[in-house]
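In the numbering used here, the protein residues as written are 1148 to 1241.
Just so it is clear, CB atoms sit at the ideal spot from N, CA and C, and this is done for glycine as well.
Given the structure is predicted, the values throughout are model-derived calculations rather than measurements.
One structure below.
Here is the structure:
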C-alpha cells in the first residue's frame, strides 16, 4: 500500500530535480522513492532477494537436469503414500 506525502522544498531545488528526472526518463516521485529505498536499505534487500531466487531457480534446474540424466530416477529420499496424505487424515494422529 502506498501513502501520499507532502514535501516542502525550495523552488530552485525542485526545478533542478525535475530536470534530473527528465534526463533519467523518470519522475520526481520515482526518484524520491528510489532515494528512500536506498536510504532504508529496501533496494539492497530486494536485489539480494531477487539474486537468491535466481540462484535457487538455477540450482533447481541443475537438479532437474541431473535427474533426467539419471533416467528420471530419484535415488535419494522419496515421499511415501502415507507421508503424502498424512496431513489430510482425520482425526489427526499425534
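Residue j beta carbon less than 8 Å from that of residue i
{"i": "residue 1168", "j": "residue 1178", "result": "yes"}
Residues near residue i by beta carbon distance below 8 Å, same chain, minus five either side
{"i": "residue 1184", "result": "1190, 1193"}
Beta-carbon contacts of residue i that lie in its chain and below 7 Å, excluding the five residues immediately before and after
{"i": "residue 1174", "result": "1168"}
{"i": "residue 1206", "result": "none"}
Other residues of its chain near residue i: CB distance less than 6 Å, five sequence neighbours each side excluded
{"i": "residue 1187", "result": "none"}
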